[in-house]
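Chains U and Z, in that order, give the protein sequences. Mind the numbering: the first sequence is residues 1 to 194 in our numbering, read in order. Mind the numbering: the second sequence is residues 1001 to 1194 in our numbering, read in order. Just so it is clear, CB atoms sit at the ideal spot from N, CA and C, and this is done for glycine as well. Please read all numbers here as calculations on a predicted model, not as lab measurements. Since the structure comes first, as structure tokens, the remarks are kept for the end.
Protein chains: 2
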Amino acid sequence: MKHFSEISESALRVVDAAEGLIQQRGYNGFSYDDVAKLVGIKKPSIHHHFATKGDLAATVAQRYTHRFREQLLRIEGHHAKAADRLAAYAALFENTYAIDQRLCVCGMLGAEVNSLPAGVTHEVSRFFEVNTDWLATVIADGQRAQQLRPLPEARALAETFLAALEGAMIVSRSSGSARGPAGVAHTFLLSLLA
Amino acid sequence: MKHFSEISESALRVVDAAEGLIQQRGYNGFSYDDVAKLVGIKKPSIHHHFATKGDLAATVAQRYTHRFREQLLRIEGHHAKAADRLAAYAALFENTYAIDQRLCVCGMLGAEVNSLPAGVTHEVSRFFEVNTDWLATVIADGQRAQQLRPLPEARALAETFLAALEGAMIVSRSSGSARGPAGVAHTFLLSLLA
DNA sequence: GTCTATACAGTGATAGAC
DNA sequence: GTCTATCACTGTATAGAC
């Protein structure tokens, strides 16, 4: 698969459209024709940029993970304390959800993982690995500096926080009533700090 | 839509097969032919029992919610303390996940909610409503009896707990490394009780 | 890079016989 | 309740011209 940094400008428009469709409808919920209509070209032109649907989705996930890592770096540069970093992290999910209730690309693909081409599955698992590792480090640092309670263990908290954010997007969009990732993060961090 | 308690024995086998397919692959990831092959009959026979795919999925979600409510009642009958009830609740998710890493039917459908027929969407939102209400009541009772910390507020905790369980199934299945709903629930309840 | 045309499998769904 | 046969349509994907 081509790396997203090497693709043309028209291919980028295809990736943008596919990303939105995946967040709204999932991998099995959109077609090349949907992408073509959004971009304003014909279906075979999409195949010119991405030979298979799996290639396209893998590129979407790859770029999504890359952008997330950029944001993680930005958070480290802007916030020193663990609690502030975790709050800024939660805002990444809230900002995504704020655009037409879009889901996390990898949360959506994660739900569909058993019906995905192998290349996509790999990118999705990498996203979760990157995020869990980063959260675990932030939390462990915060515990060591006594900014956070020493228990539960950092990695367990990291997995729980990530799961709560991913789940919050899904439950909120379906139930209408629930308060979304921001609310869930707030509740979680309250418990973590108290 | 017909209520699931009124359908025939052969229709029940169809619902069983569709339920498993939804948990593994999602609404947009299975076809009438997949169901037919699992049940051992032909595609038009599925249509005889459920005119549309939406009818079938709605019945699956309806029965799933009903069974969940039976389990909630059973928990109330077996456990008096809030913490025990919450742990037993988490076990419902863990037991589902333990069967070939099956997702919660409504967690999966919730992710796909923007590409679902209206009848299915309605059943999914009802599932989340039932679960959030029950959890909020259990937690509020526990807080009143001083078995749980008085903050955060019961409904906020209920939404967060449910989101964490739904998210844990998705993240664990995709990442391989994470510890599943049981681990996440354990971590969450530790924070809640400490 | 985009197009028209097309291949070909699969999709949800229906008609009508047994 | 199940079947064969068939429908109209959409799905991913390819060939080849511009």
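Out of the options, state which residue places its alpha-carbon closest to the alpha-carbon of residue i.
i: I1170 of chain Z; options: U:G77, U:E159 and U:G180; result: U:E159
i: I1139 of chain Z; options: Z:K1042, Z:F1161, Z:G1119 and Z:H1122; result: Z:F1161
i: V1113 of chain Z; options: U:L189, U:I7 and U:S172; result: U:S172
i: V35 of chain U; options: U:G29, U:V14 and U:H47; result: U:V14
i: R155 of chain U; options: Z:L1192, Z:R1179, Z:Q1147 and Z:G1142; result: Z:R1179
i: A61 of chain U; options: U:S115, U:I75 and U:E19; result: U:E19
i: Y64 of chain U; options: U:C106, U:G26 and U:S31; result: U:C106
i: R1025 of chain Z; options: Z:D1100, Z:Q1071, Z:P1181 and Z:A1011; result: Z:D1100
i: L1073 of chain Z; options: Z:L1092, Z:T1059 and Z:K1053; result: Z:L1092
i: E94 of chain U; options: U:A163, U:A182 and U:F188; result: U:A182
i: R102 of chain U; options: Z:A1098, Z:H1047, Z:R1102 and Z:A1111; result: Z:A1111
Does residue i get closer than 9 angstroms to chain Z when you measure Cβ to Cβ?
i: R63 of chain U; result: no
i: H66 of chain U; result: no
i: E166 of chain U; result: yes
i: G40 of chain U; result: no
i: V113 of chain U; result: yes
i: I170 of chain U; result: yes
i: E94 of chain U; result: no
i: R173 of chain U; result: yes
According to the neighbour-count rule (16 or more other Cβ atoms, all chains shown, within 10 Å of its Cβ), is residue i buried or exposed?
i: I1022 of chain Z; result: buried
i: H3 of chain U; result: exposed
i: S5 of chain U; result: exposed
i: E1009 of chain Z; result: exposed
i: H1205 of chain Z; result: The first residue shown for chain Z is 1001 and the last is 1194, placing residue 1205 of chain Z beyond what the model contains.
i: A1145 of chain Z; result: exposed
i: T1096 of chain Z; result: buried
i: G1167 of chain Z; result: buried
Can you confirm whether residue i, when its beta carbon is compared against all beta carbons of chain U, has any partner nearer than 9 angstroms?
i: E1006 of chain Z; result: no
i: E1129 of chain Z; result: yes
i: Q1143 of chain Z; result: no
i: N1028 of chain Z; result: yes
i: Q1147 of chain Z; result: no
Starting from residue i and walking both ways along the alpha helix (DSSP H), at which residues does that stretch end?
i: T132 of chain U; result: A118 to R144
i: T1059 of chain Z; result: K1053 to H1078
i: Y1089 of chain Z; result: A1082 to A1098
i: F50 of chain U; result: Per DSSP, F50 of chain U belongs to no alpha helix (DSSP H) and is neither H nor E.
i: A1178 of chain Z; result: Run containing A1178 of chain Z: none; DSSP gives neither H nor E here.
* Asked: Taking three-plus beta-carbon pairs below 8 angstroms as touching, is the region 1108-1126 of chain Z in contact with the region 1073-1089 of chain Z?
  -> no
* Asked: Should the region 136-151 of chain U be regarded as contacting the region 1137-1157 of chain Z, the criterion being three or more beta carbon pairs within less than 8 angstroms?
  -> no
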